[in-house]
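Novice: This is the structure I want to talk about, given as structure tokens.
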Amino acid sequence: MKNHDVQVFVNDQFLNWDPQNRVKVRIVSARAYHSLFMHNMCIRPTPEELENFGTPDFTIYNAGQFPCNRYTHYMTSSTSIDLNLARREMVILGTQYAGEMKKGLFSVMHYLMPKRQILSLHSGCNMGKDGDVALFFGLSGTGKTTLSTDHNRYLIGDDEHCWGDNGVSNIEGGCYAKCIDLSREKEPDIWNAIKFGAVLENVVFDEHTREVDYSDKSVTENTRAAYPIEYIPNAKIPCVGPHPKNVILLACDAFGVLPPVSKLNLAQTMYHFISGYTALVAGTEDGIKEPTATFSACFGAAFIMLHPTKYAAMLAEKMQKHGATGWLVNTGWSGGRCVLKMVNLYADILGIHYTSNRIT
5 MKNHDVQVFV NDQFLNWDPQ NRVKVRIVSA RAYHSLFMHN MCIRPTPEEL
55 ENFGTPDFTI YNAGQFPCNR YTHYMTSSTS IDLNLARREM VILGTQYAGE
105 MKKGLFSVMH YLMPKRQILS LHSGCNMGKD GDVALFFGLS GTGKTTLSTD
155 HNRYLIGDDE HCWGDNGVSN IEGGCYAKCI DLSREKEPDI WNAIKFGAVL
205 ENVVFDEHTR EVDYSDKSVT ENTRAAYPIE YIPNAKIPCV GPHPKNVILL
255 ACDAFGVLPP VSKLNLAQTM YHFISGYTAL VAGTEDGIKE PTATFSACFG
305 AAFIMLHPTK YAAMLAEKMQ KHGATGWLVN TGWSGGRCVL KMVNLYADIL
355 GIHYTSNRIT
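For the sequence shown, our numbering assigns the number 5 to the initial residue and increments by one for each residue that follows.
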């Protein structure tokens with residue numbers, strides 16, 4: 005749209021690959037970069053779906069760097085992210101961080117989906133060749149995206165999911181991967197997904213060769229890549245799957261306390277789910293230089309809109325009903341750093357054999 009030399013970009017897209025429970029969203033942004041970011045991250049409608057899109061269920065207005073009024077009552081910053089569930093609108097002022105849109109819509113889904121008896125989850129998800137689905141819960145830096153993007157399994161999604169009566173479904177249409185110290189050898193699928201159409205945030209590149217230096221942390225260690233899920237060769241399209249067989253809770257333990265892998269009963273799974281423990285290490289959040297223990301209810305306290313026990317009760321009910329097994333996997337340190345390639349080997353739960361030893 006263009007009016008009096010003021011240009012805005014409008015995206016009409018969907019959330020949730022479950023066709024019976026998808027949500028229509030409209031994103032109005034001042035920057036093409038934000039429009040492309042959301043084009044990658046939300047589900048892209050077909051031309052026919054776009055023609056019959058109708059009225060959106062939720063709208064985002066993103067003014068980018070245009071500041072909010074600092075003299076407004078209770079306003080102490082030129083940045084404002086306002087979410088109004090009654091009006092079904094979100095307004096973003098004074099920040100160009102594209103992740104605000106993604107996470108704002110995730111918060112909306114945490115409110116809308118439980119009202120339909122659908123559990124919204126901050127998790128990665130993939131499926132084996134035999135149809136076994138695994139959910140990966142974890143905070144920033146624990147390895148959700150890397151473990152979900154396993155070339156031996158089909159990727160359903162890397163970050164946001166719903167678990168309903170018909171199984172699991174990805175909320176998004178793209179992936180938002182960390183790319184600090186990214187290499188072709190360590191994470192080939194993510195490396196190859198960064199191509200034309202992908203959006204890179206906070207990275208440093210050579211202005212002459214235009215080659216990205218993924219090891220450069222001069223802007224921030226929180227460098228990101230946003231790309232359509234179709235850029236992953238083994239992505240499962242549509243991004244839906246049967247009921248999960250394994251629920252894997254990831255913790256990047258920097259204190260050497262947690263073992264590499266623990267099998268949990270239902271009560272233990274709920275305890276760790278509500279606790280949401282990990283250690284923040286350099287690169288997960290701004291200002292983090294030394295490992296710091298942190299807890300985030302349901303591995304997503306920043307997004308959940310209801311009491312944590314509401315989501316925990318729904319998870320327990322679904323795990324019990326569908327016979328899912330809980331696991332705690334340490335992606336941090338246990339006698340040395342747990343390399344994610346090794347974690348992938350023992351997180352392929354179907355191949356794990358375990359023994360029970362009673363402690364007296």
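Every residue gets a Cβ at the ideal spot worked out from N, C-alpha and C, and that includes glycine.
May I ask which residues mark the beginning and end of the alpha helix (DSSP H) holding L54?
Specialist: Residues P51 to E55.
Novice: R91 and N25 - do their beta-carbons sit closer together than 9 Å?
Specialist: Cβ atoms of N25 and R91: not closer than 9 Å.
Novice: Measuring only the C-alpha atoms, how far is L159 from E294?
Specialist: Rounded to the nearest angstrom, the two C-alpha atoms are 33 Å apart.
Novice: Once the 5 residues before and after S33 are set aside, which same chain residues still bring their CB inside 6 Å of it?
Specialist: The answer, listed in chain order, is F13, S39 and N66.
Novice: Mind checking which residues open and close the alpha helix (DSSP H) that includes T63?
Specialist: Per DSSP, T63 belongs to no alpha helix (DSSP H); it is in the beta strand (DSSP E), F62 to N66.
Novice: Given this structure, state the Cα-to-Cα distance separating N130 from Y275, to the nearest angstrom.
Specialist: Approximately 24 Å between the Cα atoms of the pair.
Novice: In three-state DSSP terms, what is F259?
Specialist: The answer is coil: DSSP assigns F259 none of H, G, I, E or B.
Novice: When DSSP labels each residue in this structure, what does V10 get in the three-state scheme?
Specialist: DSSP places V10 in strand when its eight states are reduced to three.
Novice: What three-state label does DSSP hand T99 in the structure shown?
Specialist: Coil, per DSSP.
Novice: Tell me the rounded alpha-carbon separation between L354 and D154.
Specialist: Confidence in L354 is poor, its pLDDT being 42 and thus under 50, which makes the residue's placement unreliable; the coordinate value appears in the next sentence. Approximately 14 Å, taken between the alpha carbons.
Novice: With DSSP as the reference, please indicate the residues paired to N334 in a beta bridge.
Specialist: N334 is bridged to A255.
Novice: In whole angstroms, what separates the C-alpha of M117 from that of G330?
Specialist: Spanning the two alpha carbons is a distance of roughly 23 Å.
Novice: Smallest Cα separation from I96: which of T59, Q69 and G171?
Specialist: The candidate whose alpha carbon is nearest that of I96 is Q69.
Novice: Find the nearest neighbour of V261 within the set T273, A297 and E234, judged by alpha-carbon distance.
Specialist: Checking every option, the nearest Cα to that of V261 belongs to A297.
Novice: Write down every uninterrupted run of the beta strand (DSSP E) in the stretch 184 to 264 whose length is 3 residues or greater and which is fully enclosed by it, in chain order.
Specialist: Segments of the beta strand (DSSP E) lying fully in the stretch 184 to 264: 203 to 205, 228 to 232 and 250 to 255.
Novice: Quick one: grab the DSSP three-state call for A316.
Specialist: Three-state DSSP puts A316 in a helix.
Novice: In whole angstroms, give me the CA-to-CA distance for E164 and N206.
Specialist: If you take the alpha carbons of E164 and N206, they lie about 22 Å apart.
Novice: Could you check where the beta strand (DSSP E) with I160 kicks off and where it finishes?
Specialist: That run of the beta strand (DSSP E) goes Y158 to G161.
Novice: Can you find the residues in the same chain that come closer than 7 Å, C-beta to C-beta, to R188, ignoring five residues on each side of it along the sequence?
Specialist: W195, listed in sequence order.
Novice: Compare the C-alpha of N156 against each of D136, C166 and W21 and name the closest.
Specialist: Comparing Cα-Cα distances from N156 to each of D136, C166 and W21, the minimum goes to D136.
Novice: Please report the straight-line C-alpha distance between A317 and W21, rounded to a whole angstrom.
Specialist: One C-alpha to the other measures close to 24 Å.
Novice: Closer than 7 Å by C-beta to P242: which residues in its own chain qualify, once you throw out the five before and the five after it? Chain order, please.
Specialist: Result list for P242: W21, in chain order.
Novice: Please identify the residue among I278, A181 and A138 whose C-alpha is closest to the C-alpha of G304.
Specialist: The residue with the shortest Cα to Cα distance from G304 is I278.
Novice: Within the same chain, show all residues whose beta-carbon is closer than 6 Å to that of M114, passing over the 5 residues directly before and after it, in chain order.
Specialist: The identity of residue 114 in the sequence shown is His, whereas the question assumes Met. Cβ within range, chain order: S124, F307, I308 and M309.
Novice: Is Y37 near K106, with beta carbons less than 9 Å apart?
Specialist: Taking 9 Å as the Cβ cut-off, Y37 and K106 do not qualify as a contacting pair.
Novice: With DSSP as the reference, please indicate the residues paired to G135 in a beta bridge.
Specialist: BP columns for G135 are empty, so no partner.
Novice: In terms of residues, what are the limits of the alpha helix (DSSP H) holding H77?
Specialist: Where H77 is concerned, there is no enclosing alpha helix (DSSP H), given that its DSSP letter is neither H nor E.
Novice: Sort K190, F200, K133 and R214 by Cα distance to K240 and report the nearest one.
Specialist: Nearest C-alpha to K240: K133.
Novice: Provide the residue(s) that pair with K182 in DSSP beta bridges, ordered along the chain.
Specialist: BP columns for K182 point to R228.
Novice: Take L253 as the anchor and find which of A138, S111, R35 and T76 has the nearest alpha-carbon.
Specialist: Of the candidates A138, S111, R35 and T76, the one whose C-alpha sits nearest the C-alpha of L253 is A138.
Novice: Just the C-alpha distance for I198 and A229, rounded to the nearest angstrom, thanks.
Specialist: Taking the straight line joining both Cα atoms gives about 7 Å.
Novice: Pull up the CB-CB distance for M45 and G177, whole angstroms please, since I reckon it's below 8 Å.
Specialist: That pair is a contact at about 7 Å.
Novice: Taking the beta carbon of A328 as the centre, do at least 16 other beta carbons fall within 10 Å, making it buried, or is it exposed?
Specialist: A328 comes out buried.
Novice: Output the boundary residues of the beta strand (DSSP E) element that contains F299.
Specialist: Counting along the chain, the beta strand (DSSP E) containing F299 begins and ends at T296 to F299.
Novice: Let's see if you can read the secondary structure: which residues bound the beta strand (DSSP E) around N170?
Specialist: Element bounds for N170: n/a, residue is neither H nor E.
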